[in-house]
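Heads up, the thing below is written out as structure tokens.
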Amino acid sequence: MGTTTAERPSGFDAFTALCPSRRLLDTIGDKWVSLAIVALGLNGPLRYSELASRIEGVSQKMLTQSLRKMERDGLLTRTVTPSVPVRTDYELTPLGQTLLPVLAHLKEWAEVHMAEVDAARTAYDGRA
Numbered sequence: 048m049g050t051t052t053a054e055r056p057s058g059f060d061a062f063t064a065l066c067p068s069r070r071l072l073d074t075i076g077d078k079w080v081s082l083a084i085v086a087l088g089l090n091g092p093l094r095y096s097e098l099a100s101r102i103e104g105v106s107q108k109m110l111t112q113s114l115r116k117m118e119r120d121g122l123l124t125r126t127v128t129p130s131v132p133v134r135t136d137y138e139l140t141p142l143g144q145t146l147l148p149v150l151a152h153l154k155e156w157a158e159v160h161m162a163e164v165d166a167a168r169t170a171y172d173g174r175a
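Residue numbers (the numbering used here): 48 to 175.
In structure tokens:
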């Protein structure tokens, strides 16, 4: 059985319309953020170009926005090393690391069950 807001240590309840935790769920529910967390968690610190190569299909704009959101929420650190050219590395924080098991499992679940989902979509579309 679920806990009530009074029983919840944080006092937050994402089922409540004005709960600030919904903004966090928006961030971690974003596919680019989720994939970046898994990529960083499995590969360790990555440069921007390495991350962009690892996550095929993400635009420069979306990757930049995702990394900024993650940094703002304390999920990753951005380290700039003054060199020529300047080197920027991204790494999960301890807080970001806590999301890795959940998001890695979700990614794996999607990969394992995609054929079943495709079949369900085809059946649904055939009925529509």
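Built from N, CA and C at the ideal position, the CB exists for glycine as well.
As the structure is a prediction and not an experimental result, all values here were calculated from the model.
For residue i, which residues in the same chain have their Cβ closer than 8 Å to its Cβ, ignoring the five residues on either side in sequence?
{"i": "residue 86", "result": "93, 98, 101 and 102"}
{"i": "residue 134", "result": "94, 127 and 128"}
Leaving aside the five residues before and after residue i along the sequence, list all residues of the same chain whose C-beta is less than 6 Å from its C-beta, in chain order.
{"i": "residue 48", "result": "Legend: pLDDT at residue 48 = 48, less than 50; position of this residue unreliable, value from coordinates given subsequently. Around residue 48: no qualifying Cβ."}
Applying the 10 Å Cβ sphere with the 16-neighbour rule, what's the burial state of residue i?
{"i": "residue 106", "result": "exposed"}
{"i": "residue 96", "result": "exposed"}
{"i": "residue 121", "result": "exposed"}
{"i": "residue 83", "result": "buried"}
{"i": "residue 65", "result": "exposed"}
Could you tell me whether the Cβ atoms of residue i and residue j are closer together than 8 Å?
{"i": "residue 109", "j": "residue 79", "result": "yes"}
{"i": "residue 91", "j": "residue 147", "result": "no"}
Between the alpha carbons of residue i and residue j, how many angstroms are there, rounded?
{"i": "residue 73", "j": "residue 141", "result": "20 Å"}
{"i": "residue 152", "j": "residue 137", "result": "22 Å"}
{"i": "residue 123", "j": "residue 117", "result": "6 Å"}
{"i": "residue 171", "j": "residue 57", "result": "41 Å"}
{"i": "residue 163", "j": "residue 175", "result": "18 Å"}
{"i": "residue 71", "j": "residue 112", "result": "15 Å"}
{"i": "residue 166", "j": "residue 154", "result": "19 Å"}
{"i": "residue 125", "j": "residue 131", "result": "17 Å"}
From the DSSP output, read off the bridge partner residues of residue i.
{"i": "residue 149", "result": "In the DSSP output, where bridge partners are listed per residue, residue 149 has none listed."}
{"i": "residue 137", "result": "93 and 125"}
Residue i CB to nearest chain B CB: under 8 Å?
{"i": "residue 86", "result": "Although the question refers to chain B, the structure presented lacks it and comprises just one protein chain."}
Might you give, ordered along the chain, the residues of its own chain that have their beta carbon closer than 7 Å to the beta carbon of residue i, omitting 5 neighbours on each side?
{"i": "residue 145", "result": "none"}
{"i": "residue 75", "result": "81 and 146"}
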